[in-house]
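Participant: Residue numbers (this note's numbering), protein chains in the order written: chain A, 186 to 510; chain B, 186 to 510; chain C, -9 to 314; chain D, -9 to 314.
Quick reminder that beta carbons are idealized off the backbone N, C-alpha and C, glycines included.
This is the structure I want to talk about, given as structure tokens.
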Amino acid sequence: MSLMNAHEALGQALAEEMQRDSRVLMFGEGVATKRKDLLEAFGPQRVRNTPLAEGIIAGTAAGAAATGLRPVADLLFAPFLCFAMDGIVNSAGKLRYMSGGQFEFPMVILAMTGGGWTVGAQHNHNIEAWFVHSPGLKVVMPSTPADFKGLMKAAIRDDNPVLFFMDMALGFEPGEVPEGEWIVPLGQAAIRREGTDLTLISYAKTVHTCLAAADALAGQGLSAEVIDLRTLKPLDEATLLASVRKTGRAIVVHEAGALCGVGAEVAALLSEKAFDALKAPLVRITGPDAPAPSSYALEQAFMPQPAAIAQAGLDLVQRDALVGR
Amino acid sequence: MSLMNAHEALGQALAEEMQRDSRVLMFGEGVATKRKDLLEAFGPQRVRNTPLAEGIIAGTAAGAAATGLRPVADLLFAPFLCFAMDGIVNSAGKLRYMSGGQFEFPMVILAMTGGGWTVGAQHNHNIEAWFVHSPGLKVVMPSTPADFKGLMKAAIRDDNPVLFFMDMALGFEPGEVPEGEWIVPLGQAAIRREGTDLTLISYAKTVHTCLAAADALAGQGLSAEVIDLRTLKPLDEATLLASVRKTGRAIVVHEAGALCGVGAEVAALLSEKAFDALKAPLVRITGPDAPAPSSYALEQAFMPQPAAIAQAGLDLVQRDALVGR
Amino acid sequence: MSPAMSSASPAPSRLDLLAAMLRIRAYEERIVAFHDEGPFPHVCTSVGQEAAAVGVVSALRPDDQILTNHRSAGHLLARGADPGRLLAEVMGRSTGYCKGKSGTLHISAKELGVILTSTIVGGELSLAPGVALSRSMLGGEGIVVCFFGDGAACEGIFHESLNLASVWNLPVLYVCENNQWQAFVHRKETMTGDHVGPWAAAYGMDHLTVDGNDVEAVLEAATCAAAQVRQTRRPFLLEASTYRQRGHMEPHDQSYVDPAEIEAWLAKDPIDRLSARLLDAGELTPQGLEALRLQAREAMNAAAAFAQASPFPDPSELTTDVYA
Amino acid sequence: MSPAMSSASPAPSRLDLLAAMLRIRAYEERIVAFHDEGPFPHVCTSVGQEAAAVGVVSALRPDDQILTNHRSAGHLLARGADPGRLLAEVMGRSTGYCKGKSGTLHISAKELGVILTSTIVGGELSLAPGVALSRSMLGGEGIVVCFFGDGAACEGIFHESLNLASVWNLPVLYVCENNQWQAFVHRKETMTGDHVGPWAAAYGMDHLTVDGNDVEAVLEAATCAAAQVRQTRRPFLLEASTYRQRGHMEPHDQSYVDPAEIEAWLAKDPIDRLSARLLDAGELTPQGLEALRLQAREAMNAAAAFAQASPFPDPSELTTDVYA
Ligand SMILES: Cc1ncc(C[n+]2csc(CCOP(=O)(O)OP(=O)(O)O)c2C)c(N)n1
Ligand SMILES: Cc1ncc(C[n+]2csc(CCOP(=O)(O)OP(=O)(O)O)c2C)c(N)n1
Ligand SMILES: [Mg+2]
Ligand SMILES: [Mg+2]
């Protein structure tokens, strides 16, 4: 174990995987400049700057993946993926299927997003749900440095395209990270706190918001379980269902907009498969259906806050008494 | 009233709106070739072929809309929107907000999608949910020729970007269409069939699938209400909630994949706001989480079928008896 | 002959070239016949463009790789694809190259080095540098050929692809089949010049525009271009000026095309041109030509029979091959 | 002077040009000072590129419109933007041009004809043809100026934008500020030539590359180019060769830049060059220069004070201005 932040944990994962497998390479706008350590360790063939052209970065990753390499493409900020959707969705996500299984697409697309840096809506847009909705892709969005490392290593080893989102606010938060071979398998949620009265379900920075809300609820005598999805596709249905079948109540929290978001998916899943266990409505607490504002004051209001979650949790539990259910 | 198909209804809406408002223009790859009647009526300034370049088609629509025109851009098939996401999402959807309200974006993006023509996954991908998830946009997907006309006229008159999806399978189905000033306001669902035992919620071609399922259910003595969403953003919450508070059961049906789709949104909405009325789990019947296959045999299996919906409806009702709820 | 060329496989004979073009023509005509018979999946035929396909593909080696677009039957057949498995794919049968999942528009055949038929116009340009990057980094001498249309050249991804291939020194032979049309729009409406070749200059890339209806000229140009790519490991842009003799897709419609234009280009039909040359030179008799034509047609009838007799995929295939 | 130019507003004096550049420099230096003082939003400054901004914008008329990129402060100030409202926007205050919603990276000011600051690199290229289409169809003589960087020229949307503007005959003056860097990557790594100007040839578009650190040269070139666009209603590509004197953004870092390159370009500083010329010509004294500098600094201090005193937007603003 050693203490490092998410950026460092990612760097470690990349270095270890490039060491392990010579087919792994990394490219993107400024990658070779910013990851000088990797450049020095693995040379300019495997750590490359690209022209400013997200479309061809994604397409090149797909083409390389289909023919034997295992690229990690850094696309910088999530909104820039708007220029890269064809390579990701129409090529990487579909061509294995369309070819009847002739090709594999072992590639990772890395992008940052999320509030906290006042960068505004063209750098900050939480669009992970788009990729959950699209076939053939996997999607991860970690909340701790250890998971940044472990999920990146798993993503690189996976034979499918993985979208790897970094919540910017987490980049410089330190945490304990295991040394060496530390893999967090794709598709496994983590129970960050056990509880019995309700389940708070989240991912990325709002996991920490939920943990703060759980503390507040504990102060009111309520025991909240906190689940960190970690992987958004495939979702860890078993962990979600087990928790909500136990607690009977759930709040899904994320910074992305509510409409057709991951929270909608989780609520729909629970409303179908844990219906009989539900004691209260399924609630979503999310960022608003609005572009991300730049102004510090508005950006703070944009992000889900512990108090709102705790209040919603209280309401859900007290409601039982009112409804007598 | 006259009988026409959806393509003709769209053509009528376009002609009427171009007649009414000289700021309305239309462009896209082959638009001037394929809409020769419009070209002849309104001239080459207002009906334009473009180069094959979806990115700039969308961006040009946004730039023109911001500065006084009311463009309708035909992007042909939904997967091609992957090249146009920046213009639609980062520009048209966000720039009003980012500018503090300085600009309006009255524009329509037209695209076809959906199974039935065996065109495969690079022409057929039901991605309407992406745009529901993105701020600043509106999304419509009609099921009848009358709605194609009325919703297109409403979309052109709206001061916001509207994504207008045509389910290909509906293009040549005839239906009665009112003459002249026939507007279907954005944001209003239609109850296609009244019922009391359960609600089938859908849009586009699967509305017809649901109607067939409702017939089948009627044969079994069950009364299904069928709601056609028509506009996916903004959702007509009031109509949905009123219906499900009445019936206590709902099945959401669409051809798009389930994960983070419109069905997830509807289920999440109902599970939060109609919770006490629910007598049974909320069920989704959707296309699989797979690219659209080309083969006729597979494509038929890809699309939700009436029998599966009817069976799910029966199960929901019979379940009450079993669970004793 | 340059040293690089001398190590290539022996050049095909003129008769080989003719036979290859006739096979493609017969294949496309078989599809047209299917359309005449009743409902059949849409197909974009390459009638009129056989010389570009045969000329370029004949210049390649077995370890080269190909990416192409929606009008790919010629490229696939020239590369040795089984027409039965192609037609089966078009018809959505499980014996198709992609088990029926791709349909006509996205056929890939890894065993032939055909990585991609992209129906997203420009998708082939998008993936080509990555395929070439694999060639570069994983060793071998193969090069990557990327066929695309004049319409695709208007997509932003054209610019990004050629620029990246140039600055990264990737061995891609870009082949633009400039067939004058982009679906329902004439090339003149979408670009200011008549040729795409010169656009290579922006990327510091060599280029050549060749008469795309003269298979021998194409073969010669492609052989030189491929040799240069092989030697320099740098990209090259080859433009073949040709013509889409039929409508954008089947069932076919040319109502929006100037008949004089069609006529002028029909007079330059690549198959007629080569056969005339061979007849003139006494390398072929009219009877011999007819025999070749018949042979190609019979092969395609057999292919059609195979495809028609093939089963549809099992519905369980709906969700296989999504993930590795 | 061509007839088209004669109808333009009177050319600014050399002193005006100098004052305008000094204001931009002072504005950017005020931002650097904020960063020295403590945490402050990231900003991409235009230090070193003042001549391109002032030279081009001085050639425009009131009814022209501007689209620009993340490095837009110079363009906005040259166009007459209030530095107080700019700084307020950067600091997320409600008195900013966009009520604090945009921040530094997306400032638009409709009242000045500044339609867009795009932080999506290439977003300005994406919207420019549409803005020009409105100009064309809704009447008026205005033209559209689209500033973008050498990096943006590598995006596919560059290709699509210039091609469309050309085939549709749109009055866009494209201005590439080639400042040698693209965030953390040198231009040499991303394109084969040294200049973007010649890329215009593919679009049948005229172009000119000008010394972007010589404000008089830029003004002259831009005046000619704008006149041509105004007259012909066709696009034109003007490239200004210049240099980004500071790191990509504040807080600034140039550790990855060759110090010799910085030094060489500092010697060509646009403000120093014009002041030297004016001093030489006796149009300005050292004291006069110092006074101008001071005046600019004081204006920016006042602007900063205004911004700092401005309130943050009310949280209720979070969801306003989403829909019209
Ligand atoms: C991204 C995208 N846009 C539009 C289309 C529709 N479309 C299919 S083929 C075609 C024309 C392509 O022209 P070109 O590249 O010249 O190839 P050709 O058909 O002439 O062989 C168009 C517009 C598409 N398939 N993909
Ligand atoms: C689509 C997109 N990709 C990447 C970025 C990140 N980025 C911001 S500025 C920049 C460099 C832009 O270079 P250039 O166009 O030359 O403008 P300059 O910064 O030199 O003025 C990059 C890569 C972005 N903002 N948008
Ligand atoms: Mg063509
Ligand atoms: Mg630059």
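(1) Please decide whether C/C34 counts as near chain B, where near means a Cβ-Cβ distance under 8 Å.
(2) Give me the Cα-Cα distance between C/A314 and B/A401, rounded to the nearest whole angstrom.
(3) At a CB-CB cut-off below 7 Å, which residues of chain B make contact with C/P303?
(4) Under 7 Å: does the beta carbon of C/G112 sit that close to some heavy atom of ligand 1?
(5) Can you determine whether any heavy atom of ligand 1 sits closer than 7 Å to the C-beta of B/L261, and answer yes or no?
(6) Rounded to whole angstroms, what is the Cα-Cα separation between B/F212 and C/F174?
(7) Would D/G141 pass as an interface residue toward chain C - the criterion being a Cβ-Cβ separation below 8 Å?
(8) Pick out every residue whose C-beta is nearer than 6 Å to a heavy atom of ligand 4: which are they, in chain order?
(9) Anything in the stretch 101 to 119 of chain D with a Cβ closer than 8 Å to a Cβ of chain A? List those residues in chain order, please.
(10) Tell me the DSSP bridge mates of D/Y164?
(11) Please state the DSSP three-state secondary structure of D/L57.
(12) Hey, how far is the Cα of C/G146 from the Cα of B/L237?
(13) Residues bridged to B/N190 by DSSP?
(14) Name the two residues that bound the continuous beta strand (DSSP E) containing B/M211.
(15) Do the stretch 390 to 401 of chain B and the stretch 429 to 443 of chain B make contact, defined as three or more Cβ pairs closer than 8 Å?
(16) Got a sec: which bits of the stretch 300 to 311 of chain B sit with their beta carbon under 8 Å from any beta carbon on chain C, in order along the chain?
(17) If you check the beta carbons only, do B/V304 and B/L417 fall under 8 Å apart?
(18) Below 8 Å on the Cβ atoms is my guess for C/G120 versus A/G356; work out the distance and round it to an integer in Å.
(19) In this structure, what does DSSP give as the bridge partners for B/M270?
(20) Is any beta-carbon of chain C found at less than 8 Å from that of D/G187?
(21) For the beta strand (DSSP E) that contains D/G187, what are its first and last residues?
(22) Shorter than 7 Å, the distance from the beta carbon of A/C267 to the closest heavy atom of ligand 1, or not?
(23) Out of curiosity, what's the CA-to-CA distance linking D/G139 and D/I110?
(24) How should D/D311 be labelled, buried or exposed, when 16 other C-beta atoms within 10 angstroms of its C-beta is the threshold for buried?
(25) With a threshold of 7 Å, establish whether the CB of C/R236 neighbours any heavy atom of ligand 1.
(26) For A/G335, which of helix, strand or coil comes out of DSSP?
(27) Compare the C-beta of D/V157 against all C-beta atoms of chain C and say whether one is closer than 8 Å.
(28) Between the stretch 96 to 108 of chain C and the stretch 58 to 75 of chain C, can you find at least three pairs of beta-carbon atoms closer than 8 Å?
(29) Should D/P303 be labelled buried (16 or more other beta-carbon atoms within 10 Å of its own) or exposed?
(30) On the three-pair Cβ rule with 8 Å, is the stretch 306 to 326 of chain A touching the stretch 306 to 317 of chain B?
(31) For chain B, find out if any of its Cβ atoms is closer than 8 Å to the Cβ of C/E240; answer yes or no.
(32) Between which two residues does the beta strand (DSSP E) harbouring A/K221 extend?
(33) Drop a sphere of 10 angstroms on the beta-carbon of A/K221, count the other beta-carbons inside from all chains shown, and report buried for 16 or more, exposed for fewer.
(34) Which first and last residues belong to the alpha helix (DSSP H) in which C/M11 is found?
(35) So what's C/N291 in DSSP terms, helix, strand or just coil?
(36) Closest Cβ-Cβ distance between B/A198 and chain A: below 8 Å?
Facilitator: In this structure, then:
(1) no
(2) 39 Å
(3) S480, A482, L483
(4) yes
(5) yes
(6) 13 Å
(7) no
(8) D/G139, D/D140, D/G141, D/N169, D/W171, D/Q172
(9) S108, T109, I110, V111, G112, G113
(10) D/C136, D/L227
(11) strand
(12) 9 Å
(13) B/P359
(14) 209 to 213
(15) yes
(16) W302, T303, V304, G305, A306, Q307, H308
(17) no
(18) Their Cβ separation, rounded to whole angstroms, is 28 Å, which puts C/G120 and A/G356 out of contact at 8 Å.
(19) According to DSSP, which records beta bridges pairwise, B/M270 is partnered with nothing at all.
(20) no
(21) Segment: none, D/G187 is in no beta strand (DSSP E) and carries neither H nor E.
(22) no
(23) 12 Å
(24) buried
(25) no
(26) helix
(27) yes
(28) yes
(29) buried
(30) yes
(31) no
(32) Segment 221 to 227 is the alpha helix (DSSP H) holding A/K221; no beta strand (DSSP E) there.
(33) exposed
(34) 4 to 27
(35) helix
(36) no
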